[in-house]
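Each residue of the sequence shown is one higher than the last, beginning at 26 in our numbering. The C-beta atom is built at its ideal place from N, Cα and C for all residues, glycine as well. These numbers come from a predicted model, not from an experiment. Okay, structure first, notes after.
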Amino acid sequence: MTHSSDNGDWGICMECKWWQVEPGASIDKETLGFCIDEDLQSYRLSITGNGGCNRFVQGAPAQGSGSSRQPPEATPSR
26 MTHSSDNGDW
36 GICMECKWWQ
46 VEPGASIDKE
56 TLGFCIDEDL
66 QSYRLSITGN
76 GGCNRFVQGA
86 PAQGSGSSRQ
96 PPEATPSR
């Protein structure tokens, strides 16, 4: 899913390989996860599945315990 004003790089978190959720968590727009994009890891970003950005890479979300904590306590799994 892309935003109409973007050049094609934008996408939603629940379809991105850089979004990490708790093991066994459902993948939906209200699930809280952790952005593990290498350039953004230092910010410890928590974001729900319906969030999105221009760092999007299509793929299945990663899993890691502590991904939904505030701030995230999980170790990036990719």
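- In the structure shown, the three-state DSSP call for SER67 is helix.
- Burial is judged here by how many other beta carbons sit within 10 angstroms of a residue's own beta carbon; SER93 has at least 16 and is buried.
- Cβ-Cβ distances below 8 Å link ASP53 to MET39 and GLY74 in the same chain, with the five nearest sequence neighbours on each side left out; the list follows chain order.
- In chain order, GLY89 place their CB closer than 7 Å to the CB of THR100, counting only its own chain and leaving out the 5 sequence neighbours on each side.
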